[in-house]
Amino acid sequence: MPAPLRIRLTAEEDFTLSELRVATTVAQRTRERAHMLRLNAQGWTVGAIAEIFECHEHTVRATIRRWQEQGLGGLWEASGRGTKRKWVEADMEYLEQCLEQQPRTYNSKQLATKLEQERQVSLSSDRIRRILQKRAKK
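In C-alpha cells, the structure reads:
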C-alpha cells in the first residue's frame, strides 16, 4: 500500500484554492483539482477523495504531486491537449474583409467553399459561423 500523501496549505494558498474552486471562468477539471487539494489538506484520504469525485486514486495522487512540483500552475491542463486549429488568424481576417468589402452577401456554406478554394483551409460551415460570431462579440 502506498504511503499516504498529505499536503499542508498556507492560509493564502487555501484562500486561493477556495476562490479557484468557485470561479466560473475556470475549467471544471481545474476547479475539481483545487477542491481535491483542499480536501487532502483537511485530512481526507486519497481513496475518499477519489470516491467523492468518482475517479481513480491515481488521478488524485497525480493532482497532489503536480501541486507539490508545480504549485498553482500544476492545476491547469498542459498545453497540447485537444485538436490543433486548422486555421490561422489571417484566414478569418480574410473572410471578414470579403464580407465587408464585397457588395454581395455570403452564407456560411459559401464562405467555407471560398476558404477551401482560395486558402486551402477546410472548415465546416458551422465552424466558420461560430468563429465569426465569437469574433463579432469581441
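Numbering (our numbering), first residue to last: 190 to 327. Even for Gly, the Cβ is constructed at its ideal location relative to N, Cα and C.
Option in the options with minimal Cα separation from residue i
i       : options                            : result
Thr-234 : Glu-221, Arg-222, Ala-223, Arg-250 : Arg-250
Thr-248 : Ser-313, Leu-312, Leu-194, Glu-307 : Leu-194
Ile-196 : Thr-219, Gln-217, Ala-223          : Ala-223
Gln-322 : Ser-297, Leu-264, Gln-290          : Ser-297
Thr-219 : Lys-303, Cys-244, Gly-262, Leu-228 : Gly-262
Tyr-283 : Ser-268, Thr-272, Glu-307          : Glu-307
Ile-253 : Gln-217, Ser-268, Gln-291, Asn-229 : Asn-229
Glu-202 : Trp-256, Gly-232, Gln-217          : Trp-256
Expected contact under 8 Å - CB spacing of residue i and residue j to nearest Å
i       : j       : result
Leu-209 : Val-215 : 6 Å
Ala-325 : Ser-314 : Rounded, the Cβ-Cβ distance is 16 Å, inconsistent with contact.
Ile-320 : Leu-304 : Contact doesn't hold; Cβ gap of about 11 Å is too wide.
Glu-266 : Phe-242 : Between Phe-242 and Glu-266 the Cβ distance is about 16 Å, and since that is not below 8 Å, they are no contact.
Ala-237 : His-245 : Not really, about 13 Å apart at Cβ, beyond 8 Å.
Per-residue burial, residue i [other beta carbons within 10 Å of its own, 16 or more giving buried]
i       : result
Asp-280 : buried
Arg-277 : The question names Arg, but residue 277 is Val in the sequence shown. Exposed, by the Cβ-count rule.
Thr-294 : exposed
Thr-199 : exposed
Val-310 : buried
Arg-227 : buried
Thr-213 : exposed
Leu-312 : buried
Leu-264 : buried
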